[in-house]
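Residue numbers (this note's numbering): 44 to 187.
As structure tokens, this is what we get:
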């Protein structure tokens, strides 16, 4: 999903294998993902989407004069937090070490690859795309 702060920006859902970059969206000055090479379209992740960052993830410091904070992880799962607060940022990543970091706190320019979408999303997307066909094994797995 895209945070409320990006509701007036062109957007589309993420796809498995897509390379994304953390970008600032003017004039909003908020951060989100765009596809590498397409800085004007926000890419929205669904809760449960798993991503792999190219390097160790860095977050902005809590105090401006401090160095950037290293998370110590590369793999993360997208989730939403503070949903009871409508004007707060909700988009966040949970890392294997248990740390949860808001997307808006991640350092600009970091690149991540979408590893997988939440269960069921790939099948729904494939069914919606013209010219795609499931194998008999995939059809049997869906019925199970």
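We put the beta carbon where it would ideally sit given N, CA and C, even for glycine.
Could you tell me whether the stretch 105–112 touches the stretch 120–132, where touching means 3 or more Cβ pairs closer than 8 Å? no
Report yes if the C-beta distance between residue 114 and residue 102 is below 9 Å; otherwise report no. yes
Run the CB neighbour count on residue 57, radius 10 Å, all protein chains shown included, and call it buried at 16 or more, exposed below. buried
Using DSSP with H/G/I as helix, E/B as strand and the rest coil, what is residue 88? coil
DSSP state of residue 146, grouped into three classes? helix
Of the listed residues 52, 59, 81 and 78, nearest to residue 70 (C-alpha basis): 52
Would you kindly work out how many angstroms separate the C-alpha atoms of residue 138 and residue 89, rounded to a whole number? 16 Å
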